[in-house]
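Here is the structure we will look at, set down as structure tokens.
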Amino acid sequence: MNESLQIRTFKKTGHIEVICGSMFSGKTEELIRRIRRAEIAKQRVKVFKPKIDNRYSEFEIVSHNEQAYPSEVVSNAEEIPEKCFDAEVIGIDEAQFFDNNLTDICQQLADSGKRVIVAGLDQDYRSIPFEPMPQLLAIAEYITKTLAVCVICGAPANRTQRITESSEQILVGAKNHYEARCRLHHIVIPDKSNN
Ligand code: ADP
Ligand code: MG
């Protein structure tokens, strides 16, 4: 066997898992579940979230049903690799708040043998794909799409309804600004500033 083939054969293989869906669909819950299972398997884990997400806690990822797991806050994706040299499993929540460099960073981490679990909103409040999630979905080995419950009719919901007036793509909030809605009950309110 030649040397490069031998290295490839014996090196641990990494991969990327993406958990995506609307708000309240259980992405953070699912991320925490996978991270806790990795801990049970005695793997070294490290969890990150973007600085912008300070809704429930500064130093934890927190689900809407109050499950929490310690996380490190980073300002951008480039900070992640230097903070997880010895981690075997890396969790990243609220991936839609990072820029497109997150895609390369996740590739780099997975190439170096790590299991990378990324959770994020796949659509914004207008139901437009929320970058960098489409890119991450394209390169991931494993994809899970979680669905919430439509607050109007109880059907499975894959959209996020903004219930306050704002046309910014990013408006950090939870039940104060957003609801889970199905395709039928999701309404995009026209942006008055474009009139
Ligand atoms: P996400 O990270 O996708 O926003 P979380 O994992 O933080 O979601 O929260 C999921 C939890 O939110 C559910 O287990 C449930 O307790 C709660 N929840 C509140 N509203 C809804 C809804 N409309 N549909 C489903 N779950 C909801
Ligand atoms: Mg979440």
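Per this note's numbering, the sequence shown starts with residue 203, numbered consecutively.
Positions of the beta carbon are idealized from the N, C-alpha and C atoms, including for glycine.
1. Can you name, in chain order, every residue of its own chain whose Cβ lies under 7 Å from the Cβ of N378, other than the five neighbours on each side?
2. Does E241 get closer than 8 Å to chain C when you measure Cβ to Cβ?
3. Any idea what DSSP makes of H217, helix, strand or coil?
4. Check whether the Cβ atoms of P283 and L311 lie closer than 8 Å to each other.
5. Where does L233 sit, in a helix, a strand or coil, going by DSSP?
6. Which same chain residues, not among the five before or five after D313, have their C-beta less than 8 Å away from its C-beta?
7. Given a threshold of 16 other Cβ atoms within 10 Å of its Cβ, counted over all protein chains shown, does R385 qualify as buried or as exposed?
8. Whose C-beta lies closer than 8 Å to the C-beta of I237 among residues of the same chain, with five residues either side of it excluded?
9. Just to confirm, are H387 and I354 a CB contact at a threshold of 8 Å?
10. Looking at the structure shown, is I341 part of a helix, part of a strand, or coil, going by DSSP?
11. Can you tell me which residues form a DSSP beta bridge with A270?
12. For the ligand ADP, is there a heavy atom less than 7 Å away from the beta-carbon of A297?
13. Quick check: the Cα distance between D326 and F287, rounded to an integer number of angstroms?
On the basis of the supplied data:
1. As a position in the sequence shown, residue 378 is number 176, starting the count at 1. Closer than 7 Å at Cβ, skipping near neighbours: no residue.
2. Absence of chain C from the displayed structure is noted, only one protein chain being present.
3. Here residue 217 is taken as the residue at index 15 of the sequence shown, counted from 1. Residue state, collapsed to three classes: strand.
4. In the sequence shown, the residue the question calls residue 283 occupies position 81. In the sequence shown, the residue the question calls residue 311 occupies position 109. Using a Cβ distance threshold of 8 Å, P283 and L311 count as a contacting pair.
5. For this step, residue 233 is matched to residue 31 along the sequence shown. In the structure shown, L233 sits in a helix (DSSP, three-state: H, G or I).
6. To locate residue 313, count along the sequence shown from 1; it is residue 111. Cβ within range, chain order: G216.
7. Residue numbering aside, residue 385 sits at position 183 when the sequence shown is read from its first letter. Label assigned to R385: exposed.
8. Taking the sequence shown and counting its residues from 1, the one referred to as residue 237 is at position 35. These residues qualify, in order along the chain: V247, V249, Y271, V291, G293 and I319.
9. The count along the sequence shown starts at 1 and reaches residue 387 at position 185. The count along the sequence shown starts at 1 and reaches residue 354 at position 152. It is a contact, given that the beta carbons lie within the stated cut-off.
10. Taking the sequence shown and counting its residues from 1, one reaches residue 341 at position 139. Looking at I341 - three-state DSSP - the assignment turns out to be helix.
11. Working through the sequence shown from its first residue, we reach residue 270 at position 68. Beta-bridge partners assigned by DSSP to A270: V264.
12. Taking the sequence shown and counting its residues from 1, the one referred to as residue 297 is at position 95. False, no ligand heavy atom lies under 7 Å from that Cβ.
13. Numbered from its first residue, the sequence shown carries residue 326 at position 124. Numbered from its first residue, the sequence shown carries residue 287 at position 85. Straight-line Cα distance between these residues: approximately 32 Å.
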